[in-house]
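All remarks here apply to the structure that follows.
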Amino acid sequence: MMIHPEEILETINMVSNEHLDIRTVTMGISLRGCSHPDIDTFNENVYNRIMYYAKDLVKTTNDIQNLYGIPIINKRISVTPIAIVAESCDATDLTSVAQTLDRAAADAGVDFIGGFSALVQKGMTPGDLKLINSIPRALASTQKVCSSVNVATTKAGINMDAVALMGRVIKETAEMTKDNSGIGCAKLVVFANAPEDNPFMAGAFHGVGEPDCVINVGVSGPGVVNSAVRALKDPTLGDISECIKKTAFKITRMGEMAGMEVARRLHAQFGVLDLSLAPTPAVGDSVAAILEAMGLESCGTHGTTAALALLNDAVKKGGAMASSSVGGLSGAFIPVSEDQGMIRAVQRGSLSLDKLEAMTSVCSVGLDMIAVPGDTPSSTLSAIIADEMAIGMINKKTTAVRVIPAPGTKVGDMIEFGGLLGSAPVMPVHNFSSEQFISRGGRIPAPIQSLTN
Numbered sequence: 002m003m004i005h006p007e008e009i010l011e012t013i014n015m016v017s018n019e020h021l022d023i024r025t026v027t028m029g030i031s032l033r034g035c036s037h038p039d040i041d042t043f044n045e046n047v048y049n050r051i052m053y054y055a056k057d058l059v060k061t062t063n064d065i066q067n068l069y070g071i072p073i074i075n076k077r078i079s080v081t082p083i084a085i086v087a088e089s090c091d092a093t094d095l096t097s098v099a100q101t102l103d104r105a106a107a108d109a110g111v112d113f114i115g116g117f118s119a120l121v122q123k124g125m126t127p128g129d130l131k132l133i134n135s136i137p138r139a140l141a142s143t144q145k146v147c148s149s150v151n152v153a154t155t156k157a158g159i160n161m162d163a164v165a166l167m168g169r170v171i172k173e174t175a176e177m178t179k180d181n182s183g184i185g186c187a188k189l190v191v192f193a194n195a196p197e198d199n200p201f202m203a204g205a206f207h208g209v210g211e212p213d214c215v216i217n218v219g220v221s222g223p224g225v226v227n228s229a230v231r232a233l234k235d236p237t238l239g240d241i242s243e244c245i246k247k248t249a250f251k252i253t254r255m256g257e258m259a260g261m262e263v264a265r266r267l268h269a270q271f272g273v274l275d276l277s278l279a280p281t282p283a284v285g286d287s288v289a290a291i292l293e294a295m296g297l298e299s300c301g302t303h304g305t306t307a308a309l310a311l312l313n314d315a316v317k318k319g320g321a322m323a324s325s326s327v328g329g330l331s332g333a334f335i336p337v338s339e340d341q342g343m344i345r346a347v348q349r350g351s352l353s354l355d356k357l358e359a360m361t362s363v364c365s366v367g368l369d370m371i372a373v374p375g376d377t378p379s380s381t382l383s384a385i386i387a388d389e390m391a392i393g394m395i396n397k398k399t400t401a402v403r404v405i406p407a408p409g410t411k412v413g414d415m416i417e418f419g420g421l422l423g424s425a426p427v428m429p430v431h432n433f434s435s436e437q438f439i440s441r442g443g444r445i446p447a448p449i450q451s452l453t454n
């Protein structure tokens with residue numbers, strides 16, 4: 002493929018001035034061969050398997066970064082959901098497995114490892130319950146481990162018993178990590194329709210339909226898209242859509258090239274290229290800024306959901322045109338804590354939790370990195386989860402909740418996480434109770450849309 006000098010200069014500008022990066026190279030590793038009834042033997046099997054595949058991941062990724070001159074911000078690992086592969090273990094607490102994952106991640110030199118996970122959309126096995134009940138201790142005693150629980154799908158409906166349980170787990174996780182603003186909750190996400198090849202944390206896990214070892218790449222460029230949209234002269238919305246598609250096309254090609262070379266050098270299969278506009282605390286590297294560049298005075302005002310729908314659709318179209326390997330989530334993330342534009346919108350009063358929920362109907366994920374007062378009841382957290390799961394279930398899309406009831410905080414406070422997680426304003430929740438609704442339990446049946454066979 003011929004690469005023209007102006008294209009090289011354009012890419013250099015994207016990297017230098019517009020925050021273009023490969024957000025993550027994530028190696029997915031199957032642990033299905035590691036199962037053993039003795040927890041110590043199981044942990045040893047898990048550690049050895051991860052190190053066998055991932056020992057050269059960081060070195061290889063750094064070599065590719067230097068070769069192409071494209072920053073690769075995170076190197077990560079995802080593994081088969083631990084609730085599945087640890088089902089036969091005789092231990093009642095799986096915290097030691099999380100600690101083994103943490104040790105393997107540290108020794109491999111990666112930033113995070115995902116897969117302390119369970120898939121419980123239709124019911125919970127003893128292994129699922131062991132894992133879910135271990136989550137607070139696991140996240141409080143590790144640095145790099147991320148956890149996810151899928152509680153709903155379009156085909157199965159919503160497991161409300163699991164939703165109620167996750168509200169309590171989130172509260173306990175926040176309390177056990179209260180010395181750091183409840184940061185354990187930043188490593189825990191509740192899903193509907195969770196994808197099996199998502200390279201982004203905290204929701205990454207290696208699905209049971211995946212190969213033994215795979216490289217998935219997550220590319221992010223909200224700063225690039227923001228600059229491209231702002232450079233247009235009095236555009237129509239159609240012009241903006243075309244601009245975003247073309248920009249997404251260029252970003253996708255760059256990410257796929259780097260990911261395939263990493264996979265080749267590691268003798269792994271290349272999986273997917275996830276093109277997701279995932280913001281950072283850097284100025285301009287903001288999804289909210291893109292929406293405001295379209296003509297909104299402040300993110301969250303009337304028209305925001307429509308603008309986000311345009312953005313998400315154009316990103317997907319541009320990515321799909323560039324590569325047949327686009328997967329994962331691919332679209333636009335709207336995390337509050339990681340996006341300076343979102344934070345400003347909350348502080349000026351244009352963006353509320355209710356408006357964020359509406360926006361999740363057209364974004365890539367859902368309510369992401371939302372801080373709420375520390376005294377928020379677990380039933381309210383569960384009700385927030387239930388609402389988001391309903392959006393995903395009905396619309397046949399992935400939705401998720403990563404909410405942080407930061408201990409000791411009240412509305413208007415700022416909590417600091419640092420790094421890519423940034424800082425988050427504590428947002429108000431409704432004071433009216435959802436306790437009775439959540440306590441009813443059972444399952445919200447799958448919608449009629451599920452009957453597609």
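Sequential numbering of the sequence shown, starting at 2, is according to the numbering used here. Using N, Cα and C, we set each Cβ at its ideal position, and we do this for glycine too. All values reported here derive from a predicted model rather than from experimental measurement.
Taking all protein chains shown into account, A232 has fewer than 16 neighbouring C-beta atoms within 10 Å of its C-beta and is therefore exposed.
For I78 and L132, the gap between their C-alpha atoms comes out near 19 Å.
Taking the Cα positions, Q341 is about 18 Å away from T361.
Three or more Cβ pairs closer than 8 Å define a contact, and the region 412 to 432 falls short of that threshold against the region 209 to 221. If you draw a straight line from the Cα of C300 to the Cα of G332, it is about 17 Å long. Here the C-alpha atom of N227 lies approximately 53 Å from the C-alpha atom of D39.
In the displayed model, C147 falls within a strand according to three-state DSSP. No Cβ-Cβ contact shorter than 7 Å links R33 with I74. A372 is positioned such that its CB atom lies no closer than 7 Å to that of I335. Under the three-pair Cβ rule at 8 Å, the region 289 to 296 does not count as touching the region 49 to 67.
For M177, the closest alpha carbon among the candidates Q122, G409, A323 and I114 is that of G409.
The region 159 to 167 and the region 118 to 127 touch, with no fewer than 3 CB-CB distances between them shorter than 8 Å.
The C-alpha of T400 lies about 32 Å from the C-alpha of R265. Under the three-pair Cβ rule at 8 Å, the region 100 to 112 counts as touching the region 140 to 160. Beta-bridge analysis with DSSP links M415 to P426.
Under the DSSP assignment, Q437 falls outside any beta strand (DSSP E), being part of the alpha helix (DSSP H) whose first and last residues are E436 to S440. When rounded, the separation of the alpha-carbon atoms in S338 and P374 is 15 Å.
Every alpha helix (DSSP H) of 4 residues or more that sits fully in the region 199 to 245 is shown, in chain order, as 223 to 231. D41 sits exposed, since fewer than 16 C-beta atoms from the chains shown fall within 10 Å of its C-beta.
R441 has its alpha-carbon roughly 24 Å from the corresponding atom of N396. Just so you know, the alpha carbons of T302 and S353 end up roughly 10 Å apart. Between K172 and the set R138, A84, A195 and A259, the nearest pair of CA atoms involves R138. DSSP places S383 in the helix class (H, G or I) of the three-state scheme. The region 314 to 324 makes no contact with the region 378 to 390, as fewer than three CB pairs between them are under 8 Å. Secondary-structure assignment with DSSP links R403 through a beta bridge to D369.
G393 carries a helical assignment under DSSP once its states are collapsed to helix, strand and coil. Taking all protein chains shown into account, A229 has 16 or more neighbouring C-beta atoms within 10 Å of its C-beta and is therefore buried. For L189, the enclosing beta strand (DSSP E) has its first and last residue at L189 to A193. Under the three-state reduction of DSSP, G115 is assigned to strand. The beta strand (DSSP E) runs of length 3 or more contained entirely in the region 38 to 116 are, from start to end of the chain, 73 to 80.
For I291, the uninterrupted alpha helix (DSSP H) segment begins and ends at V288 to A294. With fewer than 16 neighbouring CB atoms inside 10 Å of its own CB, S325 falls in the exposed class. In the DSSP assignment, D275 falls within the unbroken beta strand (DSSP E) covering Q270 to L278. The DSSP-derived three-state label of P196 is coil.
Taking a contact to require three or more Cβ pairs closer than 8 Å, the region 214 to 222 and the region 196 to 205 qualify as touching. The closest CA to that of G183, considering only H431, V427, P446 and E243, is found on V427.
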